[in-house]
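Accompanying notes for the structure given below.
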Amino acid sequence: MVASLAPATLAQDGTSAPQTLTLSPAQLFDFAAQAEARGDFATAEAAYRALAGNPDIELRTEARFRLGMMLAERLHRYADAAIEFRAILDEKPGAARVRLELARMHGQLGHLGAAERELRAAEAAGLPPEVERMVRFYAGALSANKPLGVSLELALAPDSNINRATRSDTLGTTIGEFTLDENAKARSGLGLALRGQAYLRVPINQRARWLTRVSADSDIYRQSRFDDYSLGIGTGPEMQIGRDRLSVSVGPAWRWYGGQLFTISASSSADWQHPLGKRGQLRAGASYARIDNRRNDLQDASSFGLSVGVDRALSARAGIGLQLSASREAARDPGYSTTSGGIGLYMFREFGSTTAVAGINYSHLEADTRLLLYPSRRIDNRYGVSFAGTFRALRIRSFAPFARVRFEANRSTIEIYDYQRVAGEFGLAAAF
């Protein structure tokens, strides 16, 4: 192996010339370790990255692992360390110690859900007793999370039906059939999807933290009347109770549509997580919101929601999940009051440096009574299928491109609620 890592030497003519050394992998590992020991982290990183390009998988795995540990322990560059550990797992998914370190990096970055998923994957791969002790240690240490964090996702979002509107030309009512205006029918468009979140965790004691989260979501189109923005603030305690975790949050939320304020809501929620053996997790949640519809007072409502879900690691590279949900929206006008229930199933699988996710869901909704304008009571059946992929081989610094495609169809007894759409998102997300 040839490396230009030694200091420059002075040539006979007085000019500086780099000294090229021929080092074996063992010598280069020793060179990197010495540089790290004396605090020359830039040189150590260059040496480890040179070794990470070795065609021998064992050598490049060792180099990436040492680099990741140096980035984490000596430089506190947790996101960069996570990328190195993720690159190892793309080639060697059964490397339990590496997966534990990736889980620890997620914990340091405040990604609790991702950290727990990696721990379940490590258990699914099968662990020797000494590594199982490390799993228990890391699981208990997840409460020491990053106190402050920000995440951002940006994507192009083509959509065949940006306003979720009917394709019908007419609308049947109790007083006759009306011809729908073009603006009331399905419109396609290319949008820009922006999602962001910032959070602050303040320790209360060793088992509890106070979490404040601000989240924003926007879909922006050339035709601004279809722009959809939302902003939410939630604050409350996160508590570790034995092996369980309970989170409670309260706060306001706003939604704008077409540049005008659409709804204001005051909401509260509680979420509980409980491990199911070594590979599984049970999730349950309850929520309440009081919604003020700024465009139609008859749609002011109290909203109640319940959900329960199970996640399970099938192997170090695959997992599956199921969720059931129910909701009740009690509006001022019974015609806008609805009761609904749904079921969703997802599965993910890693193929080398690509993570693929597929999901399917179904929900049923019924209104309490019919609105005076329509001939029948609203009853909806909605179906959805989605596919997504994250492509870490095409990584740009700490981000990787992703693609998502989903099909959605809502079959309704009221024509204006009957629609179907195909939508996609193509953007960048964290690469680990």
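In this text, residue positions in the sequence shown follow this note's numbering: the first is 39, and each later residue adds one. Every residue, glycine too, gets a C-beta built ideally from N, C-alpha and C. This one's a predicted model, so the numbers in the text were calculated from it and none came from an experiment.
From which residue to which residue does the beta strand (DSSP E) around residue i run?
{"i": "G145", "result": "That residue, G145, is in no beta strand (DSSP E); its alpha helix (DSSP H) goes A134 to Q146."}
{"i": "A405", "result": "T392 to A405"}
{"i": "Y86", "result": "Premise fails: Y86 lies in the alpha helix (DSSP H), F79 to A90, not in any beta strand (DSSP E)."}
{"i": "L362", "result": "A356 to A369"}
{"i": "S307", "result": "Q298 to L314"}
{"i": "I258", "result": "A246 to Y259"}
{"i": "P290", "result": "D282 to Y295"}
{"i": "I417", "result": "I417 to F429"}
{"i": "R321", "result": "G318 to N331"}
The alpha helix (DSSP H) with residue i in it runs from where to where?
{"i": "D128", "result": "Y116 to E129"}
{"i": "I95", "result": "I95 to E111"}
Does the distance between the C-beta of residue i and the nearest non-hydrogen atom of the ligand ZN fall short of 7 Å?
{"i": "A236", "result": "With respect to the ligand ZN, the structure shown offers nothing to examine, as it has no ligands at all."}
Measuring alpha carbon to alpha carbon, tell me which residue in the options is nearest residue i.
{"i": "L382", "options": "S414, P413, V346 and I417", "result": "Here residue 382 turns out to be Gly, not Leu, going by the sequence shown. It is V346."}
{"i": "V395", "options": "L362, I417 and V443", "result": "V443"}
{"i": "R115", "options": "S378, R98, L140 and I126", "result": "L140"}
{"i": "E404", "options": "R98, R416 and L344", "result": "R416"}
{"i": "F264", "options": "R124, N199, D335 and F342", "result": "N199"}
{"i": "A231", "options": "S268, T407 and L138", "result": "S268"}
{"i": "S253", "options": "M277, G229, I279 and V188", "result": "V188"}
{"i": "R245", "options": "A441, R283 and P93", "result": "R283"}
{"i": "K223", "options": "R202, L61 and D338", "result": "R202"}
{"i": "S62", "options": "N92, A75 and E463", "result": "N92"}
{"i": "F429", "options": "S391, A461 and T451", "result": "S391"}
{"i": "A426", "options": "T377, R433, R420 and A441", "result": "A441"}
{"i": "S206", "options": "N399, D257, N331 and R225", "result": "R225"}
{"i": "L409", "options": "E156, Q337, Q235 and L194", "result": "Q337"}
{"i": "L360", "options": "P372, G373, Y400 and I434", "result": "Y400"}
{"i": "I29", "options": "E74, S414 and I95", "result": "With the chain running from 39 to 470 in the structure shown, residue 29 is simply not present."}
{"i": "A236", "options": "P313, L314 and H149", "result": "H149"}
{"i": "I213", "options": "V423, Y412, T99 and P439", "result": "Y412"}
Is DSSP giving residue i helix, strand or coil here?
{"i": "A224", "result": "coil"}
{"i": "Y457", "result": "strand"}
{"i": "G229", "result": "strand"}
{"i": "Y237", "result": "strand"}
{"i": "D68", "result": "helix"}
{"i": "L410", "result": "coil"}
{"i": "P185", "result": "coil"}
{"i": "Q337", "result": "helix"}
{"i": "A152", "result": "helix"}
{"i": "R202", "result": "coil"}
{"i": "G465", "result": "strand"}
{"i": "S378", "result": "strand"}
{"i": "S436", "result": "coil"}
{"i": "L344", "result": "strand"}
{"i": "R263", "result": "helix"}
{"i": "L157", "result": "helix"}
{"i": "E276", "result": "strand"}
{"i": "I452", "result": "coil"}
Indicate whether residue i and residue j have their beta-carbon atoms separated by less than 8 Å.
{"i": "Q458", "j": "A468", "result": "no"}
{"i": "W310", "j": "A322", "result": "yes"}
{"i": "T85", "j": "A70", "result": "According to the sequence displayed, residue 85 carries Ala and not Thr. Against a cut-off of 8 Å, the Cβ pair of A70 and A85 comes out as a contact."}
{"i": "E129", "j": "G106", "result": "no"}
{"i": "D118", "j": "L109", "result": "yes"}
{"i": "R366", "j": "D335", "result": "no"}
{"i": "L192", "j": "L466", "result": "yes"}
{"i": "S305", "j": "A324", "result": "no"}
{"i": "D418", "j": "Y455", "result": "yes"}
{"i": "V286", "j": "G274", "result": "yes"}
{"i": "S375", "j": "D406", "result": "yes"}
{"i": "R158", "j": "Q319", "result": "yes"}
{"i": "R112", "j": "F67", "result": "no"}
{"i": "P131", "j": "R350", "result": "no"}
{"i": "G227", "j": "D197", "result": "yes"}
{"i": "A368", "j": "A339", "result": "yes"}
{"i": "H144", "j": "A120", "result": "yes"}
{"i": "G272", "j": "R251", "result": "yes"}
{"i": "G229", "j": "D255", "result": "no"}
{"i": "E276", "j": "R317", "result": "no"}
{"i": "A195", "j": "G462", "result": "yes"}
{"i": "S303", "j": "I329", "result": "yes"}
Is residue i close to chain B? Criterion is C-beta to C-beta, closer than 8 Å.
{"i": "I381", "result": "This model lacks chain B altogether; it includes just one protein chain."}
**Request:** Count the C-beta pairs between the region 289-301 and the region 238-246 that are closer than 8 Å, then say yes if the count reaches three, no if not.
**Result:** Contact fails between the region 289-301 and the region 238-246, because fewer than three Cβ pairs, one in each stretch, are under 8 Å apart.
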